[in-house]
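**Student:**
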Amino acid sequence: MTARRWALTAPVALVVLLALAGPWLSSGSWLSSGSWLGSGSSTAAVGGPFAPPSAAHLLGTDFLGRDVLSRVLAGGRVLILQATVATVLGSLTGLVVGVWAAMTHRRLAARVVLRAVDAIAAVPTLLLLLLLAAGAPGSDAAVAFAIALVSTPFSVRVIRERTATLAGTGYAREAEARGDPLLARVRHDIVPGLVPVALAEAGIRFIAATQLAATAGFLGLGAGAPAANWGRMVRENSTGIADNPWPVLLPAALIVVLAVGITILLDRATGGRFGGPERAGVGRLA
Numbered sequence: 019m020t021a022r023r024w025a026l027t028a029p030v031a032l033v034v035l036l037a038l039a040g041p042w043l044s045s046g047s048w049l050s051s052g053s054w055l056g057s058g059s060s061t062a063a064v065g066g067p068f069a070p071p072s073a074a075h076l077l078g079t080d081f082l083g084r085d086v087l088s089r090v091l092a093g094g095r096v097l098i099l100q101a102t103v104a105t106v107l108g109s110l111t112g113l114v115v116g117v118w119a120a121m122t123h124r125r126l127a128a129r130v131v132l133r134a135v136d137a138i139a140a141v142p143t144l145l146l147l148l149l150l151a152a153g154a155p156g157s158d159a160a161v162a163f164a165i166a167l168v169s170t171p172f173s174v175r176v177i178r179e180r181t182a183t184l185a186g187t188g189y190a191r192e193a194e195a196r197g198d199p200l201l202a203r204v205r206h207d208i209v210p211g212l213v214p215v216a217l218a219e220a221g222i223r224f225i226a227a228t229q230l231a232a233t234a235g236f237l238g239l240g241a242g243a244p245a246a247n248w249g250r251m252v253r254e255n256s257t258g259i260a261d262n263p264w265p266v267l268l269p270a271a272l273i274v275v276l277a278v279g280i281t282i283l284l285d286r287a288t289g290g291r292f293g294g295p296e297r298a299g300v301g302r303l304a
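Using the numbering used here, the first residue of the sequence shown is number 19, and each one after it goes up by one.
(1) So what's Ala140 in DSSP terms, helix, strand or just coil?
(2) Look up Val274 in the DSSP assignment and say whether it is helix, strand or coil.
(3) If we call anything under 8 Å between Cβ atoms a contact, is Gly108 one with Ser173?
(4) Rounded to the nearest angstrom, how far is the Cβ of Arg89 from that of Met251, given a contact under 8 Å?
(5) If I follow the unbroken alpha helix (DSSP H) through Ile225, where does it start and stop?
(6) If you draw a straight line from the alpha carbon of Ala220 to that of Ala101, how long is it in whole angstroms?
(7) Ala73 to Asp85, Cα distance in whole Å?
(8) Can you name the start and end residues of the alpha helix (DSSP H) that Ala185 belongs to?
(9) Sort out for me which residues DSSP pairs Ala127 with in a bridge.
(10) What whole-angstrom Cβ distance do Ala164 and Leu144 have, given they're in contact under 8 Å?
(11) Taking 7 Å as the limit between beta carbons, can you name the residues of its chain near Gly294, skipping five residues before and five after?
(12) Inspect the CB distances between the region 108-121 and the region 171-188 and report whether three or more fall short of 8 Å.
(13) Counting only the same chain and skipping the five closest in sequence on each side, list residues whose C-beta sits under 8 Å from that of Val135.
(14) Would DSSP call Ala28 helix, strand or coil?
(15) Between which two residues does the alpha helix (DSSP H) harbouring Thr111 extend?
(16) For Val204, report the span of its alpha helix (DSSP H) as first-last.
(17) Starting from Gly188, trace the alpha helix (DSSP H) both ways and give me its first and last residue.
(18) What is the rounded straight-line gap between the Cα of Ala162 and the Cα of Ala260?
(19) Identify whether Thr20 lies in helix, strand or coil by the three-state DSSP scheme.
(20) If you run the structure through DSSP and keep just helix, strand and coil, what is Arg151?
(21) Which partner residues does Arg84 have in the DSSP bridge list?
(22) For Pro142, count the other beta carbons within 10 Å of its own beta carbon; 16 or more makes it buried, fewer makes it exposed. Which is it?
(23) Quick one: give me the first and last residue of the alpha helix (DSSP H) that Gly249 is part of.
(24) Since I believe Ala218 is in contact with Leu283 (beta carbons under 8 Å), could you give me their beta-carbon distance rounded to a whole number of angstroms?
(25) Does the separation of the CB atoms of Thr311 and Arg223 fall below 8 Å?
(26) Specify the secondary structure class of Phe292 as computed by DSSP and reduced to three states.
(27) Which residues share a DSSP beta bridge with Thr257?
(28) Mind checking who Thr79 pairs with in its DSSP beta bridge?
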């Protein structure tokens, strides 16, 4: 791996590691005495609101007097897991529906399914996310499923287009003319050419899912207080940014590093063939 690739990969890997291991670090008994890594609790008040950084609390306190570093350590895992679950569910659903829609001879059924997919895609992403997540308030799983649903139409479109292109090649037409079973044609003629596109699409889905998960936290969707969430931290502490900016700046910076870092890595891995934010559906957040 080149030095440039390391420079791009290391920040993303560090943020992911921090997000996944952070709750364990923030809740460890070895932190209870007030280590520089946090107070040992992300929910208990340890001082006054928006106290500045000190030896006992490296990044100060938030709007309720809780240790900021402990909150940051505890708040990333949910975001990463929501984005991962949503990406897996949305990508797998898009793969199955997209391949089926391109390969099936039941054209009427395929058109009905694709019109339903287009109808979902036509609804503003944020509005649909709010409606779906509101059906199960306080549930992080509901947010993940909602993100998966709003992401699926984009995967369906991409996978269907690529599958239709592959199905129109000479070797795929020959296999159909020979009477090869549908599953055999998909396995031998479609999947090998579909894998690179499907992986790139999953990467784009993860970027969009990360941004949507952060937005959901900012809007207060998912598990409520006192659970830590990077997106919610930005909203909760914005009023005290002049007194102590760390409760806002650090979680916001971690979200940006994660999203931008993965975008750059994906762009380099695919040679820029799969577009930017609009291609990921992120441009529809408003």
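C-beta atoms are modelled at their ideal positions from N, C-alpha and C, and glycine is treated no differently.
**Tutor:** This is what the structure holds:
(1) helix
(2) helix
(3) yes
(4) Rounded, the Cβ-Cβ distance is 6 Å, consistent with contact.
(5) 209-236
(6) 11 Å
(7) 12 Å
(8) 158-185
(9) According to DSSP, Ala127 bridges with nothing at all.
(10) About 11 Å; that fails the 8 Å criterion.
(11) Any reading at Gly294 needs caution, since the residue's pLDDT is 45, under 50, leaving its predicted position unreliable; the model's value is listed next. If we look at Gly294 and ignore the five residues flanking it on each side, it has no Cβ neighbours.
(12) yes
(13) Val115, Thr170, Pro171, Val174, Arg175
(14) helix
(15) 95-121
(16) No alpha helix (DSSP H) contains Val204, which DSSP labels as neither H nor E.
(17) In the DSSP assignment, Gly188 falls within the unbroken alpha helix (DSSP H) covering 188-195.
(18) 33 Å
(19) coil
(20) As written in the sequence, residue 151 is Ala, which differs from the Arg given in the question. Correct three-state label for Ala151: helix.
(21) Ala63
(22) exposed
(23) 248-254
(24) The Cβ separation is near 11 Å, so there is no contact.
(25) Here the chain covers residues 19 to 304 and nothing more, so residue 311 does not appear.
(26) Residue placement at Phe292 cannot be trusted, given a pLDDT of 49 that sits under 50; what the coordinates show is reported in the next sentence. Looking at Phe292 - three-state DSSP - the assignment turns out to be coil, as it is neither helix nor strand.
(27) Thr257 is not bridged to any residue.
(28) Asp85
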